[in-house]
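Contents: one structure, followed by commentary.
Numbering (my numbering), first residue to last: 1186 to 1271.
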């Protein structure tokens, strides 16, 4: 899975092959969650509340870049890094 961003102990990746809807994965301290770009909610897994708030804020600020990365990955093109939150 291509790494899109990393900060605060979290790693954000995109894997377009595992689910058909636009989403990204977040790993943090042994936890993993899948974040749906359509609803801005986690669809699987869990993160600590503070990290969940940070991810949602970051995703809203970077929604266009996340969707662009999703489309690039789905088309077999390279993805690019997105600046960390704060």
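Glycine included, each C-beta is placed from N, C-alpha and C at the ideal position.
Original post:
How would you label residue 1192, buried or exposed, when you count the other beta carbons within 10 angstroms and need 16 or more for buried?
Top reply: exposed
Original post:
Going by beta carbon distance, what residues of the same chain come within less than 6 Å of residue 1213, once the five residues before and after it are set aside?
Top reply: Excluding residues within five positions, the ones whose Cβ falls inside 6 Å are 1194, 1195, 1232, 1236.
Original post:
Where in the segment 1186-1231 do unbroken runs of the beta strand (DSSP E), each at least 3 residues long, occur, reported from the N-terminal end onward?
Top reply: With a minimum length of 3 residues, the continuous beta strand (DSSP E) runs that stay inside the segment 1186-1231 are 1188-1192, 1195-1198, 1208-1213, 1216-1221, 1226-1230.
**OP:** Pick helix, strand or coil for residue 1247, following the three-state DSSP scheme.
**Re:** coil
Original post:
How big is the Cα-Cα spacing for residue 1190 and residue 1249?
Top reply: 14 Å
Original post:
So, are the CB atoms of residue 1255 and residue 1219 less than 9 Å apart?
Top reply: In this structure, residue 1219 does not lie closer than 9 Å to residue 1255 by Cβ.
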